[in-house]
Amino acid sequence: MTDQIDVAIIGSGPSSLSAAIELKALGIARVVVLERDPEAGGIPRHCGHPPFGIREFKRVLTGPQYARKLVATARLVGVEIRTSTTVVEARPDGKLLLATKDGVAEIAPRRVIYATGVRETPRSCRFITGPRPLGVVNTGALQSTVYLQDRTPFERPVIIGTELVSFSAIMTCRHAGIKPVAMIEANEGVTARWPTGLFPRIVGVPLHLGTRLSAILGNRSVTGVEVVDRAGNHRVINCDGVILSGQFTPEVALARCGHLAVDAATKGPVVDQYGRCSDPCYFATGNVLRPVETAGWSWNEGRQTARWVAADLAGDLAPVGAEIEVVAADPVIRYVVPQRLSLAAGSAGMKHLQLRVTRRAKGTLVAMCGDQTLWKMPLNARPERRILVPVGKFTAAGKPVKIELKFIAE
Amino acid sequence: MMPDRKSSLSSTLFDVVVIGAGVVGCAMARRFTLEGARVALVEKACDILDGASKANSAILHTGFDAPVGSIELDCIRKGAEEYRQIHQDMRLPLDAAGAYVVAWNDVEVARLDTLLEQAHRNGISNATLVGQTVLRDNEPHLSDRALAAISVPGEALIDPWSAPYAYLKQALQNGAEVFLKCEVTGGGFAGGEWQLETSRGVLNCRQVINCAGLYGDYVDQAVLGLSDFLITPRKGQFLIFDKAAASLLQAIILPVPTARTKGVVVCRTIFGNLLVGPTADEQQSRDEASTDTASLEGLMQAAIRIIPTLADMPITATYAGLRPATEQKEYRIIPRPDSNWITVGGIRSTGLSAALGIAQHVFAQYRDWGAAHEPLPDPRVPQANILAEQSARAWREGGQGDMICHCELVREAEIRQALTGPLAARSLAGLKRQTRVTMGRCQGFYCSARLTELTDGHFDIPLAKDIKHD
Numbered sequence: 001m002t003d004q005i006d007v008a009i010i011g012s013g014p015s016s017l018s019a020a021i022e023l024k025a026l027g028i029a030r031v032v033v034l035e036r037d038p039e040a041g042g043i044p045r046h047c048g049h050p051p052f053g054i055r056e057f058k059r060v061l062t063g064p065q066y067a068r069k070l071v072a073t074a075r076l077v078g079v080e081i082r083t084s085t086t087v088v089e090a091r092p093d094g095k096l097l098l099a100t101k102d103g104v105a106e107i108a109p110r111r112v113i114y115a116t117g118v119r120e121t122p123r124s125c126r127f128i129t130g131p132r133p134l135g136v137v138n139t140g141a142l143q144s145t146v147y148l149q150d151r152t153p154f155e156r157p158v159i160i161g162t163e164l165v166s167f168s169a170i171m172t173c174r175h176a177g178i179k180p181v182a183m184i185e186a187n188e189g190v191t192a193r194w195p196t197g198l199f200p201r202i203v204g205v206p207l208h209l210g211t212r213l214s215a216i217l218g219n220r221s222v223t224g225v226e227v228v229d230r231a232g233n234h235r236v237i238n239c240d241g242v243i244l245s246g247q248f249t250p251e252v253a254l255a256r257c258g259h260l261a262v263d264a265a266t267k268g269p270v271v272d273q274y275g276r277c278s279d280p281c282y283f284a285t286g287n288v289l290r291p292v293e294t295a296g297w298s299w300n301e302g303r304q305t306a307r308w309v310a311a312d313l314a315g316d317l318a319p320v321g322a323e324i325e326v327v328a329a330d331p332v333i334r335y336v337v338p339q340r341l342s343l344a345a346g347s348a349g350m351k352h353l354q355l356r357v358t359r360r361a362k363g364t365l366v367a368m369c370g371d372q373t374l375w376k377m378p379l380n381a382r383p384e385r386r387i388l389v390p391v392g393k394f395t396a397a398g399k400p401v402k403i404e405l406k407f408i409a410e
Numbered sequence: 001m002m003p004d005r006k007s008s009l010s011s012t013l014f015d016v017v018v019i020g021a022g023v024v025g026c027a028m029a030r031r032f033t034l035e036g037a038r039v040a041l042v043e044k045a046c047d048i049l050d051g052a053s054k055a056n057s058a059i060l061h062t063g064f065d066a067p068v069g070s071i072e073l074d075c076i077r078k079g080a081e082e083y084r085q086i087h088q089d090m091r092l093p094l095d096a097a098g099a100y101v102v103a104w105n106d107v108e109v110a111r112l113d114t115l116l117e118q119a120h121r122n123g124i125s126n127a128t129l130v131g132q133t134v135l136r137d138n139e140p141h142l143s144d145r146a147l148a149a150i151s152v153p154g155e156a157l158i159d160p161w162s163a164p165y166a167y168l169k170q171a172l173q174n175g176a177e178v179f180l181k182c183e184v185t186g187g188g189f190a191g192g193e194w195q196l197e198t199s200r201g202v203l204n205c206r207q208v209i210n211c212a213g214l215y216g217d218y219v220d221q222a223v224l225g226l227s228d229f230l231i232t233p234r235k236g237q238f239l240i241f242d243k244a245a246a247s248l249l250q251a252i253i254l255p256v257p258t259a260r261t262k263g264v265v266v267c268r269t270i271f272g273n274l275l276v277g278p279t280a281d282e283q284q285s286r287d288e289a290s291t292d293t294a295s296l297e298g299l300m301q302a303a304i305r306i307i308p309t310l311a312d313m314p315i316t317a318t319y320a321g322l323r324p325a326t327e328q329k330e331y332r333i334i335p336r337p338d339s340n341w342i343t344v345g346g347i348r349s350t351g352l353s354a355a356l357g358i359a360q361h362v363f364a365q366y367r368d369w370g371a372a373h374e375p376l377p378d379p380r381v382p383q384a385n386i387l388a389e390q391s392a393r394a395w396r397e398g399g400q401g402d403m404i405c406h407c408e409l410v411r412e413a414e415i416r417q418a419l420t421g422p423l424a425a426r427s428l429a430g431l432k433r434q435t436r437v438t439m440g441r442c443q444g445f446y447c448s449a450r451l452t453e454l455t456d457g458h459f460d461i462p463l464a465k466d467i468k469h470d
C-alpha cells in the first residue's frame, strides 16, 4: 500500500460502498471511505425493515443486514474504511481536513467522491407555527433511536407526509409498539407509489388527505397538532409526538461552506454527466445529487461513478471544457440533474437526466434555447417520482448553450 | 411567623438572595460575590437562562441609540466596558464586527443626522456617517437599496449563553450558592432580615434582589404585595441561516430604530451562522415563545430585501424569545431601602449588553445603604466553554471521544461535562446552550439517538423511554 490515497469517499452509505467496491474491482490501489459515525453503512443501518438488497444481492434483506453485507464486502476487497472520521473542510484540489478521536489531520487524495446522502428537512425549515416542545422528530432520528438505542421518544405520534419514508416510519413504530394516531398529507393523494396508499389503513393508522399541519401544540412536550382541511376547517388531534417525514435535502454542508458550486434547485453539488463537480477533483454520487432515490438506485449510481472516476485517474475522461447548461425554468419542475453536460463526453457518463416535479403535472415538457424550441415530450408526473430524459436529447444541441426546461399544462 | 427549621433550604444567613438566573441574575450574583457578599441565587426552572435570556440577538451594544441620560445607557456602557475587560481572562468570545445603521429610504436618511448626534451625546464618539459607496465597498452583498448609514464600530457579537454561564460559574467558584427548581412564593421581612419562602424551603437573607425577568412583577406582588409595573411580554422571532451565509456579511446591519423597537437586525453569530430578527409582538403568555408561519415568512422576505442572495440560502433554525417589556422604555430598577429589596425589572432587549453594568449599578446602590463587605482579594476566574466558531474548539483536540453532533462538531466529552457539576444541564434546551448540540443544520436528525443514550437519567423530561417489547 502506498501513502498516496487514490480516492477518498465521504460517507459510507450504499452509493459510497458500491463506488469503493467497484473502484477496487477496477484496480484502483488505495480507496478510503471516511465515515463520521462510529459504524459504517449509512442510513440503512437503522432501517430495521425490508426490502433492501434486491438489486445488489438478489435477496430481500433488512436495512441493517444490507448495510453489514455492503461493509463486509468492501472490507473483503481491500477498501479502507475509517469510522469516527469527520471531514471538516473540503478544500480545492481535493485536500481534506479530518477530525478524528486523536485530533485533526489532513489528507490529499487524488480524487474525492461526495457520497454524503440526504436527510429529512427539519422543523425549522418548514416554518411551522407553535412553540418548540420535545417530541418533534424526523423519521431518521426516530429510526436510529428505535433501532440503535431501543428507545422511543413518544407513544402516540402524528406522522406528517406520505412519502415512502413515511411508511417506513409506520413500520418503525410497529416494531417499537408505538401507535401513530394519524397520518397527514396536504395533497389529495398519497405521495408514495400505489399501493402503499392502502398501507396505513391496513395497519390502522387513519390517513387524512388534503389536510395540512397548521400548528404544533405543547410548551415542554407535544400535546397535539392543529390541522386544517381544504375547506379551511381547523381541528386539534391529540398526540404526544410529531414525525416530520420526508422532504429530503442533500447533506451538502461541506460543499456549501467550501468552494464547490451548489445547485439552488437540487440543493446538491452542481455536476456534469460524470458526476464531476465544479472542482474536477471532486465527484458526487448517490442521494447527495438530488433528493431522493432508493438505496438500490444509489448503489447503482455509486458503481457507475466509480467507473468514471477510475477513467479520470487513468486520464481517459473528457476534460472539463465546453458544456451545455440545463436549467429548470418553471416552478413545476423542481430540479434537473446533472445540471451541466460536457460536450466532449459523447455518449459516456450518465445516460439520463433526472427530473422531479413540484406538483401533479400533466402536459408537455419543453426544452428551450433562447426563443428556440429544441424538443418537447409529453409529461404525466407526480411529486417525488423519478422522471428520466435521455442525455442525447440535450447534447444534440451540439454547442455550449443554456437549455431551459419549461412545462406547458394540458 | 418563624419558619419550621426542617423546611429551611439552607442554614446560612445570606447577605443577598438574587431571584432569577437570567443573564441579569447571573451577573448580579457574580458582582455581589466578588464584592465579598454571601450570595444565593434562586431559579424556578431546572436550568439557568430559561426565560427571557434564552433567546436574543447576541449583540454587545454600545448604547448609541439608548435614551440620553437613561439608566439603560449607563448600564450598557458600563456593562460593555466590563465585558471587554474580563472576556479574555474568562475565555469569552468577542467578535468586533461593528455595525451599520442603514437608511433604506429618504425619510430614514433624513433621520441619520439626529441619530448620529444622539450617538455622540451618548459618548460613542467614533460613530460616523458613511455614504453609499463606502457601504457597498465594505458590504458588497447588501442590497443596492441601502442609501447611507451610520457606522458604529463598537457594536460587537458575543455568545449570549457562555457569558452568563461564566458569570454564574465565577460566583459559584467564589462561594455563592445556586438553588434550581426553586420558585419564590412569598416571604416576610423583620428585624433587617428576610425569610423567603420557596418551593424548596425557606431561605434567610438580609437583602433581596429581584431579577425575575418575565415574572419580575409577579415576584414583587407575591413577596412585597405590590408592584410598580406590569410586564407585557414582547415576543421576538428569529431566523438563523446556514453557516454558508455568514460569509455574506461582515458588520451588524441595524435598521434606523423607532420608538418601540430596534427593528430587524441582520448579523453573523459568534457560532458562524447568520441571524435575522427579531419581530416585536406583544402577548400575554410569559412562557410560550411560539414561532408562526407568517412571521417567519415575513422575516425571510425582510432578509432577502437586505441581502438578496439569502434567497438561495437554507434555514438552519427558527426560534422566538420573550422580552420583559413594561409600560416604560426605561429599566425599572426600584430600590426599596426600607425593606432591603431592589427590584431589577423591565430589562428588555439590551439585558445581555447591560447585565454587568446593571450589577455594578445595583451594587453601588446597595453599598450606599451602608452594607460593608471586603471585596475578594484574589477571586477565582473560570474558563468558559469554547463554542465560538473561530476559536480553538474541542473537536480539534484528541481524547474528546466520538463526534456526537456532526453539524456543530460537538464531542462526547463536552456533552458529558455539561451534564455534571452544579450547573449540569437538566433539559435539552440547557444542554444546547452549554454545548450547541442539535443546534446545527440537521436539528437532531443525525445525533438524537446518541443523545437519548448520553442524557439518560439526567433530564427532568427524558428525551426517550425504553421500548417495552412483548
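Protein sequence lines correspond, in order, to chains V and F. Each step along the first sequence adds one to the number in UniProt numbering, with nothing skipped, and position 272 is 272. Each step along the second sequence adds one to the number in UniProt numbering, with nothing skipped, and position 449 is 449. Ideal placement from N, C-alpha and C gives every residue a C-beta, glycine not left out. These numbers were taken from a predicted model, which means no experiment stands behind them.
query, result
"Three-state secondary structure (DSSP) at R5/F?", "Confidence at R5/F is low in this model, with a pLDDT of 46, below 50, so its placement is unreliable and the value that follows should be read with caution. If DSSP states are grouped into helix, strand and coil, R5/F belongs with the helices."
"Pick from L379/V, V327/V and L97/V: whose alpha carbon is nearest that of T86/V?", "L97/V"
"Taking 7 Å as the threshold (beta carbon to beta carbon), is H406/F in contact with chain V?", "yes"
"From R356/V to I387/V, what distance separates their C-alpha atoms?", "6 Å"
"Can you name the residues of chain V whose CB is closer than 8 Å to the CB of M403/F?", "R36, S84, T86 and A99"
"For L296/F, would you say it is in contact with chain V, using Cβ-to-Cβ distances shorter than 7 Å as the test?", "yes"
"Just to confirm, are A361/V and A381/V a CB contact at a threshold of 7 Å?", "yes"
"Counting beta carbon pairs with one atom in the stretch 291-300 of chain F and one in the stretch 183-198 of chain F, are three or more of them shorter than 8 Å?", "no"
"Taking only three categories from DSSP, how would you classify S166/V?", "helix"
"Considering Y147/V, what are the terminal residues of the alpha helix (DSSP H) in which it resides?", "T139 to Q149"
"Is it true that the CB of I21/V sits closer than 7 Å to the CB of T73/V?", "yes"
"Taking G346/F as the reference, give the member of P164/F, A388/F and L230/F with the closest Cα.", "L230/F"
"Tell me whether R30/F is buried or exposed, calling it buried when 16 or more other Cβ atoms sit within 10 Å of its Cβ.", "buried"
"Taking 7 Å as the cut-off, decide whether the C-beta atoms of V222/V and G286/V are in contact.", "no"
"With a threshold of 16 other CB atoms inside 10 Å of the CB of M377/V, please say whether the residue is buried or exposed.", "exposed"
"Quick one: grab the DSSP three-state call for M368/V.", "strand"
"DSSP puts H49/V in a beta bridge; with which residues?", "The partner list for H49/V (beta bridge, DSSP) is empty, contrary to what the question assumes."
"Within 10 angstroms of its Cβ, does E117/F collect 16 or more other Cβ (buried), or is it exposed?", "exposed"
"Express the C-alpha separation of D312/V and A396/V in angstroms, rounding to a whole number.", "24 Å"
"Going by DSSP, name the residue or residues bridged to I333/F.", "V344/F"
"Any idea what DSSP makes of H61/F, helix, strand or coil?", "coil"
"Applying a beta-carbon distance threshold of less than 7 Å, which residues of chain V neighbour R441/F?", "A253"
"Put L180/F into one of helix, strand or coil per three-state DSSP.", "coil"
"Are the C-beta of A176/V and some C-beta of chain F separated by less than 7 Å?", "yes"
"Considering only the alpha carbon of each residue, which of D470/F, G444/F, L451/F and L428/F lies closest to A45/F?", "L428/F"
"Which residues share a DSSP beta bridge with Y114/V?", "I10/V and A284/V"
"On the three-state DSSP scale, how would you describe M1/V?", "The predicted position of M1/V is uncertain, since its pLDDT is 44 and thus under 50; no value can be drawn from it."
"From A317/F to F241/F, what distance separates their C-alpha atoms?", "7 Å"
"In the DSSP output, what is H458/F paired with across the bridge?", "None, per the DSSP bridge assignment."
"Residues of chain V with a CB under 7 Å from the CB of E453/F: which are they?", "Q149"
"Quick check on this structure: which residue in G457/F, G398/F, H361/F and W395/F has the alpha carbon closest to the alpha carbon of V332/F?", "Going by the sequence as given, residue 332/F is Arg instead of Val. Comparing Cα-Cα distances from R332/F to each of G457/F, G398/F, H361/F and W395/F, the minimum goes to H361/F."
"Taking C-beta pairs closer than 7 Å, name the residues in chain V that D242/F reaches, listed in chain order.", "R256"
"Excluding five sequence neighbours on each side, which residues of the same chain lie with their C-beta closer than 6 Å to the C-beta of V266/F?", "I253, V276 and I306"
"Leaving out five residues on either side along the sequence, give the residues of the same chain with a beta carbon under 6 Å from the beta carbon of E89/V.", "L97"
"So the beta strand (DSSP E) L341/V belongs to, where does it begin and stop?", "R340 to S342"
"Label E414/F either buried or exposed according to how many other C-beta atoms from any shown protein chain fall within 10 Å of its C-beta, with 16 as the threshold for buried.", "buried"
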